[in-house]
Amino acid sequence: MESLISSLDKVAQILSSLLHYLSNTILLFMTFLITFNVIGRYFFNQPILGAFELTEQSSALLVFFALAVTHQYKEHIAIGFLVDKLSVKLRHSIEGIIEVVIFIVVLVMSWAVLQEAFRMMNRGVTTSDLSLVVYPFIIVASAGLLIFALTAFTNSLKHFVKVVSTHES
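Below, the structure written as structure tokens:
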């Protein structure tokens, strides 16, 4: 069982790291795009066509890619003043249950976002300036949520293993 958890955790870490690098690349792209757009608009009265759309789509991807990494490294806000005072077993039990709830909610969100992508695909929705097809961005966002769900699932398994293996007197 622990080798399965270790394998799942390794896959989640690899995918989260990939999303981390992609989100960093997107952030760099956005930085250059916004900078050159401001320079072009201010000095040459010629903004970059579609800069707003590209920034909008990139921002969405950035958020969905960062979720899994943030969860993996526990960089999100957590209020543990109550749970931290509990016994080790009870703390891991509660944290494992919370991770399962996160897994289920994010999995449902990923499915709903994917369904929205298919609706957008069927309607042929595009952006206004560049006529970019919108659904691929939404599918990629759904994949980011799926990796977030996998991270929560592996975290829950690790907590439950600690519940079983912890011996309190």
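Residue numbers (our numbering): 11 to 179. Glycine is no exception: its CB is placed at the ideal position from the N, C-alpha and C atoms. Since this is a predicted model, take the numbers as computed values, not measurements.
Identity of the residues DSSP links to residue i by a beta bridge
{"i": "valine 143", "result": "Thr136"}
Cβ-Cβ distance between residue i and residue j below 8 Å
{"i": "lysine 172", "j": "histidine 81", "result": "no"}
{"i": "alanine 22", "j": "threonine 161", "result": "yes"}
{"i": "phenylalanine 158", "j": "leucine 71", "result": "no"}
{"i": "leucine 64", "j": "methionine 119", "result": "no"}
{"i": "serine 152", "j": "valine 123", "result": "yes"}
{"i": "serine 33", "j": "phenylalanine 75", "result": "yes"}
{"i": "leucine 38", "j": "isoleucine 58", "result": "no"}
{"i": "valine 135", "j": "valine 144", "result": "yes"}
{"i": "isoleucine 36", "j": "serine 68", "result": "yes"}
{"i": "glycine 60", "j": "leucine 140", "result": "yes"}
{"i": "phenylalanine 170", "j": "glycine 106", "result": "yes"}
8 Å contact criterion, which residue i and residue j should meet: CB distance rounded
{"i": "valine 79", "j": "leucine 29", "result": "6 Å"}
Quiz item: Taking three-plus beta-carbon pairs below 8 Å as touching, is the segment 127 to 134 in contact with the segment 37 to 51?
Solution: no
Quiz prompt | Sufficient close CB pairs (3 or more, under 8 Å) joining the segment 85 to 95 to the segment 157 to 174 | solution = no
Quiz item: Which runs of the alpha helix (DSSP H) fall wholly inside the segment 36 to 116 and span at least 4 residues, in chain order?
Solution: 61 to 82
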